[in-house]
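What follows is a set of notes on a single structure, which appears directly below.
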Amino acid sequence: MILETFLNNKPLFYDEIDYTRMPKVYEKIKNKLPSTKIIHLIGTNGKGTTGRFLASALHNLGYNTGHYTSPHIVKFNERIWLNGKNVSDNLLDTTHKELLRMLTKEDVEALSYFEYTTFLAMLLYKECDYIVLEAGLGGEHDATAVFPKILTLVTPIDKDHEAFLGDTIESIATTKLKAVQNYAILSKQHYDKVYEVAHNLSIQDKREFFTHNYFLDTHDEIMLKAISKELLLAPYLVENLSLAMAALHFLKIPFSQEVFKDARLFGRLTYINDNILVDVGHNTLAAKRILESLREDKYTLVYNSYKDKNYIEILTILKPIIDEVYIIDVNEDRIESKENMREALAELGYIYDNFVGIEKEKKYLVFGSFSVVEAFLKGYIG
Numbered sequence: 080m081i082l083e084t085f086l087n088n089k090p091l092f093y094d095e096i097d098y099t100r101m102p103k104v105y106e107k108i109k110n111k112l113p114s115t116k117i118i119h120l121i122g123t124n125g126k127g128t129t130g131r132f133l134a135s136a137l138h139n140l141g142y143n144t145g146h147y148t149s150p151h152i153v154k155f156n157e158r159i160w161l162n163g164k165n166v167s168d169n170l171l172d173t174t175h176k177e178l179l180r181m182l183t184k185e186d187v188e189a190l191s192y193f194e195y196t197t198f199l200a201m202l203l204y205k206e207c208d209y210i211v212l213e214a215g216l217g218g219e220h221d222a223t224a225v226f227p228k229i230l231t232l233v234t235p236i237d238k239d240h241e242a243f244l245g246d247t248i249e250s251i252a253t254t255k256l257k258a259v260q261n262y263a264i265l266s267k268q269h270y271d272k273v274y275e276v277a278h279n280l281s282i283q284d285k286r287e288f289f290t291h292n293y294f295l296d297t298h299d300e301i302m303l304k305a306i307s308k309e310l311l312l313a314p315y316l317v318e319n320l321s322l323a324m325a326a327l328h329f330l331k332i333p334f335s336q337e338v339f340k341d342a343r344l345f346g347r348l349t350y351i352n353d354n355i356l357v358d359v360g361h362n363t364l365a366a367k368r369i370l371e372s373l374r375e376d377k378y379t380l381v382y383n384s385y386k387d388k389n390y391i392e393i394l395t396i397l398k399p400i401i402d403e404v405y406i407i408d409v410n411e412d413r414i415e416s417k418e419n420m421r422e423a424l425a426e427l428g429y430i431y432d433n434f435v436g437i438e439k440e441k442k443y444l445v446f447g448s449f450s451v452v453e454a455f456l457k458g459y460i461g
């Protein structure tokens, strides 16, 4: 794929932060981009599944729908979902060539991997009725924040990416919620401070915030239970589904249970075998959600972590459901050293070793990041 070769030479993000680059390029080409109805997703966890629930429903209701999500697990195409499936290599390459013709050479070189792929997705979605647009790291300065939206959905906000977003819930919530342009629906939040920040912003800038429960009634609660049972949803996924349902009510789009029948997003507590669960979560909130969902059983954890993640706290949270830990090799500079990981596991009292393969009699949880799940799928499943 031509696009893949091109992107391999781009940095995911630049060390030097420049919040003006994306808006400047957008101003140059905005008239060539589609004026599609955009629903923005911000928050710490749950953006991908909430977006897929909503996008699948809109598609099944007959709307041309795109869902832009990140990162991918195995193949880049996972990031750009269109009408029920990941986009093809041919369409990606065709749209890539079209985008290159729209941009100056200087702008092409200046844009980061994520910034370029965001423009690519928006151009590819030019025939869509709705675009479900998932933010990357942040909020007001995220690459996705430059586009006009009709609605923003806010998944649970917690600590993560503190170097970019701040180290308190207030600072993180402020940065994220400033991405809201007009209307926003908040999912159930774990910190009252998030609601306080939303209230203050609504007074300052006339943004309008709703809680998801504002839109849901008894009939919706019955539907949630039925869908949850049919799709075998963990409790936190039910919360994400309820936010997607609230969005449909806000848009005044009638729907039934059937529109969510194929709405699961791979890699979120997904069984790939009878004894293997994979989850791309990488922070303490994800660990808490997994503990809540799996507390009735014990698992062998296949794990690794980025250096900048609080893996000691994550491993502490998961300890009640973990029998032993196997460290999987992940070939990335950001991954913590094996020496430090072994030291942490020893201090926490874990039985641990290097991961070499699976045993049929054990139950496995593969967790730690998109990269961990990718390494597992490529190296040990085929």
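Under our numbering, think of the first position of the sequence shown as 80, with each following residue one higher. Backbone N, C-alpha and C fix where the C-beta goes; we use that ideal spot for every residue, glycine too. In this text the structure is predicted, and so the values were computed from the model without any measurement.
Determine the direct distance from the alpha carbon of TYR443 to that of PHE434, and round the result to whole angstroms.
As a position in the sequence shown, residue 434 is number 355, starting the count at 1. As a position in the sequence shown, residue 443 is number 364, starting the count at 1. PHE434 and TYR443: Cα-Cα distance of roughly 11 Å.
Do GLU194 and MET101 have their CB atoms nearer than 8 Å?
Along the sequence shown, read from residue 1 onward, the residue named residue 194 stands at position 115. Along the sequence shown, read from residue 1 onward, the residue named residue 101 stands at position 22. Against a cut-off of 8 Å, the Cβ pair of MET101 and GLU194 comes out as a contact.
Within this structure, are the beta carbons of ASN124 and ASP237 separated by less than 8 Å?
Taking the first residue of the sequence shown as position 1, residue 124 is located at position 45. Taking the first residue of the sequence shown as position 1, residue 237 is located at position 158. Yes.
Would you list the residues sitting across from LEU232 in a DSSP beta bridge?
Here the question's residue 232 lines up with position 153 in the sequence shown. DSSP output for LEU232 lists LEU120 and ILE264 as bridge partner(s).
Is LYS126 helix, strand or coil by DSSP?
Within the sequence shown, numbered from 1, the residue matching residue 126 stands at position 47. Three-state DSSP puts LYS126 in a helix.
Write down the C-beta distance between ALA136 and LEU344 rounded to the nearest angstrom, noting that I regard them as a contact closer than 8 Å.
Here residue 136 refers to the residue found at position 57 when the sequence shown is read from its first residue. Here residue 344 refers to the residue found at position 265 when the sequence shown is read from its first residue. Between LEU344 and ALA136 the Cβ distance is about 13 Å, and since that is not below 8 Å, they are no contact.
Using a Cβ-Cβ cut-off of 6 Å (strictly less than) and excluding sequence neighbours within five positions of ALA365, which residues of its own chain qualify?
Position 286 of the sequence shown, counting from 1, holds the residue named residue 365. Excluding positions up to five away in sequence, the list reads ASN124.
In angstroms with no decimal places, state the Cα-to-Cα distance between LEU295 and SER321.
As a first step, residue 295 is located in the sequence shown; it is residue number 216 there, counting from the start. As a first step, residue 321 is located in the sequence shown; it is residue number 242 there, counting from the start. Answer to the nearest angstrom: the Cα atoms are 8 Å apart.
Can you give me the Cβ contacts of GLN336 inside the same chain, cut-off strictly under 7 Å, excluding the 5 residues immediately before and after it?
Within the sequence shown, numbered from 1, the residue matching residue 336 stands at position 257. The residues are MET302, ALA305 and ILE306.
Could you check whether ASP358 and PHE455 sit closer than 8 Å to each other, using their CB atoms as the reference points?
Residue 455 sits at position 376 when you count from the first residue of the sequence shown. Residue 358 sits at position 279 when you count from the first residue of the sequence shown. Not closer than 8 Å, so no.
Does the stretch 108-119 come within contact of the stretch 210-221, defined as at least 3 CB pairs closer than 8 Å?
Yes, the stretch 108-119 touches the stretch 210-221.
Using CA coordinates, which residue listed in TYR192, THR247, ILE251 and PHE288 is at the minimum distance from ALA263?
Reading the sequence shown from its first residue, position 184 is the one you call residue 263. For the residues TYR192, THR247, ILE251 and PHE288, the minimum Cα distance to ALA263 belongs to PHE288.
Throw me the rounded Cβ distance for the LEU140 and PHE334 pair, which I believe falls under 8 Å.
What you label residue 140 is simply residue 61 of the sequence shown in a count that begins at 1. What you label residue 334 is simply residue 255 of the sequence shown in a count that begins at 1. At roughly 6 Å, the Cβ-Cβ gap stays under 8 Å, so LEU140 and PHE334 are in contact.
DSSP three-state call for ILE332: helix, strand or coil?
Reading the sequence shown from its first residue, position 253 is the one you call residue 332. ILE332 falls in the coil class under three-state DSSP.
For ALA277, which residues in the same chain have their Cβ closer than 7 Å to its Cβ, ignoring the five residues on either side in sequence?
In the sequence shown, the residue the question calls residue 277 occupies position 198. The residues are LEU256, LEU265 and PHE288.
Applying the 10 Å Cβ sphere with the 16-neighbour rule, what's the burial state of VAL233?
As a position in the sequence shown, residue 233 is number 154, starting the count at 1. The residue is buried, with at least 16 neighbouring Cβ atoms inside 10 Å.
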